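*Asks:* Residue numbers (the working numbering): -3 to 374.
Don't be surprised by glycine CBs; every beta carbon is placed ideally from N, CA and C.
Computed from a prediction, not measured in an experiment: that's the story for all the values here.
Sharing a structure here in structure tokens format.
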Ligand code: GLA
């Protein structure tokens, strides 16, 4: 009898996948998903409710986003054999993020990357920011946009789209002006995760918004990303000092380990870059219009991620500070170089580098940038 029950429930479970034990249908037919966006309670922070939204497209690709930090917690895509796995590192519960991991999946602001000596002068006034990275300011300060609760609004469930809004008050983390920020994540049927960033201010302020997703296209952090290949359409990069602040120079990548103008295995020359890659590439597209600027590929899974952006820069970071202490959702240690970031941005320390493209947003202006991470399988 017991065995009968087991067999029966096994049949019921399998039935979800094959419709009927007696009359199996092709898995593709059953696997057809209808695009949707769902919302689940995910806890509370700073007396605000935190939710986890699941965006699914018609192909069954699934992205999870929480309104805490606007974090992309999960990005599940099929490999060349049709097997699904998660191509970004992250956690299944809010507590993992409240323990302050290094910006996993998060929205970064008010200023992505570093501002030297944690200060800048604008219209004759010097603004002091938190020095949260040695003597420098990193990723918006002690409580950047990655550590606040955003207001979320579902915009569409046919092409699942989620808008996140946040008001960064005048003086927050030392920055001038009330900055109204709105970020919209959309998952298309072409497996594109599209991110649109909008902002307006009532006082001139630096703004440089990005997303800090850590990719491992194998879907398994037991593999490093050193065997992934990367192409960055950039003839130049911005060299840095020992504290990772750009020297101000725009240097050719030619003949250096920074040359990714044609696809190259990431591990090939990484040993000649002290600490690993953590630099800003000066994109040939120069910013302004949405253009393909980088392609990351893993030949084993067959997955690639194409990066499109309107931004002039790309911070390519090889997870140099990952040391295995954090545990991924699947229980595996996130060790050195097991995940990497492609942060589209304006150049680090621009508020102190008059020759870099300006990051100053003035009252009456509209900040608008777009970045797309498109997953392609070959
Ligand atoms: C960015 C920086 C890195 C590091 C990571 C987070 O990519 O450039 O130096 O701070 O964020 O650990």
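Should the stretch 320 to 330 be called in touch with the stretch 238 to 257, which here means at least 3 C-beta pairs below 8 Å?
*Replies:* No, because fewer than three Cβ pairs between the stretch 320 to 330 and the stretch 238 to 257 fall closer than 8 Å, the two stretches do not touch.
*Asks:* Exposed or buried, what is residue 156 when buried is set at 16 or more other beta-carbons lying within 10 Å of its beta-carbon?
*Replies:* Answer is buried; the Cβ neighbour count reaches 16.
*Asks:* Cα separation between residue 258 and residue 180?
*Replies:* About 31 Å.
*Asks:* Could you please give the first and the last residue of the uninterrupted alpha helix (DSSP H) stretch that includes residue 171?
*Replies:* Counting along the chain, residue 171 falls outside any alpha helix (DSSP H), and DSSP gives it neither H nor E.
*Asks:* By a C-beta neighbour count over all protein chains shown, 10 Å radius and 16 as the cutoff for buried, is residue 175 buried or exposed?
*Replies:* The residue in question, residue 175, is buried, as its Cβ has 16 or more Cβ neighbours within 10 Å.
*Asks:* Count Cβ pairs between the stretch 324 to 343 and the stretch 212 to 227 that sit closer than 8 Å; are there 3 or more?
*Replies:* Taking 8 Å as the limit for Cβ pairs, the verdict is that the stretch 212 to 227 does touch the stretch 324 to 343.
*Asks:* To the nearest whole angstrom, what separates the beta carbons of residue 298 and residue 75, a pair I think is in contact under 8 Å?
*Replies:* Confirmed, Cβ separation roughly 6 Å.
*Asks:* Can you tell me where the beta strand (DSSP E) holding residue 178 begins and where it ends?
*Replies:* Looking at the DSSP string, the run of the beta strand (DSSP E) that includes residue 178 is 175 to 183.
*Asks:* So, are the CB atoms of residue 103 and residue 365 less than 8 Å apart?
*Replies:* Not closer than 8 Å, so no.
*Asks:* Residues in its own chain within less than 8 Å of residue 184 by CB, not counting five upstream and five downstream?
*Replies:* The answer, listed in chain order, is 53, 155, 190.
*Asks:* Between residue 338 and residue 303, is the Cβ-Cβ spacing less than 8 Å?
*Replies:* Cβ distance < 8 Å, so residue 338 and residue 303 count as in contact.
*Asks:* Look up residue 370 in the DSSP assignment and say whether it is helix, strand or coil.
*Replies:* Three-state result, residue 370: strand.
*Asks:* Where in the stretch 262 to 325 do unbroken runs of the alpha helix (DSSP H), each at least 4 residues long, occur, reported from the N-terminal end onward?
*Replies:* DSSP runs (the alpha helix (DSSP H)) wholly in the stretch 262 to 325: none.
*Asks:* Of all the options 348, 316, 283, 293, which has the alpha carbon lying nearest to the alpha carbon of residue 367?
*Replies:* Minimum Cα distance to residue 367 is reached at 283.
*Asks:* Measuring only from the beta carbon, is residue 242 closer than 7 Å to any heavy atom that is part of the ligand GLA?
*Replies:* No.
*Asks:* Helix, strand or coil: which one does DSSP assign to residue 24?
*Replies:* For residue 24, the pLDDT reaches just 44, beneath the cut-off of 50, and the residue's location in the model is therefore unreliable, although a value from the coordinates is still provided. The answer is helix: DSSP assigns residue 24 an H, G or I state.
*Asks:* Just how far apart, CA to CA, sit residue 11 and residue 186?
*Replies:* With a pLDDT of 39 at residue 11, under the threshold of 50, the predicted position of this residue should be treated as unreliable, though the coordinate-derived value follows. Looking at the two C-alpha atoms, the distance is approximately 29 Å.
*Asks:* What span of residues does the alpha helix (DSSP H) with residue 91 cover, start to end?
*Replies:* Looking at the DSSP string, the run of the alpha helix (DSSP H) that includes residue 91 is 90 to 94.
*Asks:* Is it the case that the CB of residue 98 approaches a heavy atom of the ligand GLA more closely than 7 Å?
*Replies:* Under cutoff, so the answer is yes.
*Asks:* Which whole-angstrom value describes the C-beta separation of residue 135 and residue 109, a residue pair presumed to lie in contact below a C-beta threshold of 8 Å?
*Replies:* With 8 Å as the limit, residue 135 and residue 109 qualify as a contact, their Cβ atoms being about 7 Å apart.
*Asks:* Give the single residue among 300, 207, 242, 309 whose Cα lies nearest to the Cα of residue 132.
*Replies:* Ranking 300, 207, 242, 309 by Cα distance to residue 132 puts 242 first.
*Asks:* Evaluate the contact criterion for the stretch 188 to 202 versus the stretch 133 to 152: three or more CB pairs, one atom per stretch, below 8 Å.
*Replies:* These segments do not touch.
*Asks:* Beta-carbon separation of residue 369 and residue 291 under 8 Å?
*Replies:* Cβ atoms of residue 369 and residue 291: not closer than 8 Å.
*Asks:* Can you give me the C-alpha to C-alpha distance between residue 345 and residue 88, rounded to a whole angstrom?
*Replies:* Distance between the alpha carbons of residue 345 and residue 88 is about 34 Å.
*Asks:* May I ask you to list the residues that DSSP assigns as paired with residue 64?
*Replies:* According to DSSP, residue 64 bridges with 145.
*Asks:* Can you grab the Cα-Cα spacing for the pair residue 212 / residue 116, in whole Å?
*Replies:* Their backbone Cα atoms lie some 35 Å apart in a straight line.
*Asks:* Any idea if residue 45 is buried or exposed, counting beta-carbon neighbours within 10 angstroms, 16 or more meaning buried?
*Replies:* When all chains shown are included, residue 45 counts as exposed.
*Asks:* Using a threshold of 8 Å, state whether the C-beta atoms of residue 314 and residue 289 are closer than that.
*Replies:* Contact: no.
*Asks:* By the three-class DSSP mapping on this structure, what secondary structure does residue 114 have?
*Replies:* Three-state result, residue 114: helix.
*Asks:* Are residue 222 and residue 256 touching if we call contact CB-CB under 8 Å?
*Replies:* No; because the gap between Cβ atoms is not below 8 Å, this pair is not in contact.
*Asks:* Confirm, please, whether the CB-CB distance from residue 169 to residue 106 is below 8 Å.
*Replies:* Yes.
*Asks:* Checking the sheet assignment: what are the DSSP bridge partners for residue 102?
*Replies:* Answer by DSSP bridge pairing, in chain order: 208.
*Asks:* For the beta strand (DSSP E) containing residue 36, name the first residue and the last one.
*Replies:* Its beta strand (DSSP E) spans residues 32 to 41.
*Asks:* Give me whichever residues DSSP pairs with residue 196 in a beta bridge.
*Replies:* DSSP, once it has assigned bridges, lists 176 as partnering residue 196.
*Asks:* What three-state label does DSSP hand residue 132 in the structure shown?
*Replies:* DSSP places residue 132 in strand when its eight states are reduced to three.
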